[in-house]
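Visitor:
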Amino acid sequence: MPRRAPSRAGVTGGSIYSILWIPVIFCAATLTLYLLAKGITYEEDGEKFELKFPTSVDDVSEMGTFLKKMKSKHLNYLLFVYCFGYIYKQTFAIPGSVFMNLLAGVLFGPYLGFVLASTLTAIGATFCFLLSGNFAKPFVMRYFRDKVHMFQQKVQRNRDSLFFFLLFIRLFPMSPNWFINISSPIVGIPIHLFFTSVFIGLMPYNFVCVQTGSVLSEIHSMNEIFTLWTLFKMMGIAVIALLPGLAIRWFNIKIN
1 MPRRAPSRAG VTGGSIYSIL WIPVIFCAAT LTLYLLAKGI TYEEDGEKFE
51 LKFPTSVDDV SEMGTFLKKM KSKHLNYLLF VYCFGYIYKQ TFAIPGSVFM
101 NLLAGVLFGP YLGFVLASTL TAIGATFCFL LSGNFAKPFV MRYFRDKVHM
151 FQQKVQRNRD SLFFFLLFIR LFPMSPNWFI NISSPIVGIP IHLFFTSVFI
201 GLMPYNFVCV QTGSVLSEIH SMNEIFTLWT LFKMMGIAVI ALLPGLAIRW
251 FNIKIN
């Protein structure tokens with residue numbers, strides 16, 4: 001008990017007005033993204049296409065068709081805008097990463113897309129970690145106090161195997177990643193362990209999404225679904241999808 005008192009005091013520290021920096025940063029990032037996206041427009045047969053965040057598989061397919069036409073001439077710019085948009089969504093905990101991962105598979109293929117998705121997920125989550133740690137502590141504690149203290153107790157219990165615990169909660173498909181991101185700096189998780197656990201722990205999820213996007217981009221008719229290569233890739237996706245469950249079981253043994 002004497003050891004927990006300083007930790008709780010540290011959790012509740014900080015000025016309530018520091019939260020006001022987050023809307024400022026959000027508006028600046030949104031304006032930057034808007035200006036970047038305006039540089040990617042396309043008009044064909046009287047129809048004008050403007051860049052937006054995909055919110056469905058149909059959006060991914062439509063955007064993939066359009067952006068592929070730009071990729072040969074504006075690859076570096078397209079890559080930069082995609083990276084900025086992905087980090088933006090992760091930083092501000094905006095839902096929809098699954099569609100960004102699918103789009104990565106469509107645009108950049110299974111290998112580069114997977115590397116991008118895993119790296120950008122970790123970078124964006126770390127930015128969210130930094131935002132929360134520097135500006136949102138009072139806000140998080142005001143609205144999520146019980147959940148934060150519950151998470152803190154779990155972190156304290158697993159302090160000797162903290163990295164495996166962090167991997168465990170990232171691999172578990174029902175974990176609220178947004179809450180883990182905003183509460184991790186408050187409960188004292190080191191940033192290097194946070195980044196690494198996100199990068200490795202979400203690899204299976206990112207791999208499945210990116211590979212699915214890559215497969216979808218190669219299928220243009222029903223006949224193409226049953227090619228040997230497509231079936232092989234689908235089997236690979238299914239195998240990878242099973243890995244988190246096996247890893248969770250192993251990490252659970254390791255932690256306990």
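Here UniProt numbering is used: the first residue of the sequence shown is 1, the next is one more, and so on. Heads up, the beta-carbon is just placed ideally off N, CA and C, and yes, glycines get one too. Keep in mind that this is a model prediction, so the values were computed, not measured.
Tell me the residue span of the alpha helix (DSSP H) that contains glycine 96.
Guide: That residue, glycine 96, is in no alpha helix (DSSP H); it is neither H nor E in DSSP.
Visitor: According to the Cβ coordinates, are asparagine 181 and alanine 136 closer than 7 angstroms?
Guide: Not in contact: asparagine 181 and alanine 136 (Cβ atoms no closer than 7 angstroms).
Visitor: Just to confirm the assignment, what range does the alpha helix (DSSP H) spanning methionine 141 have?
Guide: Residues 137-157.
Visitor: Give me the Cβ distance between threonine 121 and asparagine 206, rounded to the nearest whole Å; I'm assuming they're in contact under 8 angstroms.
Guide: Contact holds; Cβ gap of about 6 angstroms.
Visitor: Would you mind giving the Cβ-Cβ distance between phenylalanine 127 and isoleucine 87, rounded to the nearest angstrom? I have them listed as a contact below 8 angstroms.
Guide: With a Cβ gap of about 6 angstroms, phenylalanine 127 and isoleucine 87 count as contacting.
Visitor: Pull up the distance between the alpha-carbon of proline 54 and that of methionine 174, whole angstroms please.
Guide: Proline 54 and methionine 174: Cα-Cα distance of roughly 22 angstroms.
Visitor: Please report the distance separating the alpha-carbon of proline 95 from that of threonine 119.
Guide: Approximately 18 angstroms, taken between the alpha carbons.
Visitor: For phenylalanine 172, report the span of its alpha helix (DSSP H) as first-last.
Guide: Run containing phenylalanine 172: none; DSSP gives neither H nor E here.
Visitor: Can you say whether glycine 213 is buried or exposed, counting buried as having 16 or more other CB atoms within 10 angstroms of its CB?
Guide: Looking at its Cβ environment, which holds 16 or more other Cβ atoms inside 10 Å, glycine 213 is buried.
Visitor: Check for me: the alpha helix (DSSP H) holding leucine 193 runs from which residue to which?
Guide: First-last of the alpha helix (DSSP H) with leucine 193: 191-201.
Visitor: Do phenylalanine 151 and valine 98 come within 7 angstroms of each other at the CB atom, strictly closer than that value?
Guide: Not in contact: valine 98 and phenylalanine 151 (Cβ atoms no closer than 7 angstroms).
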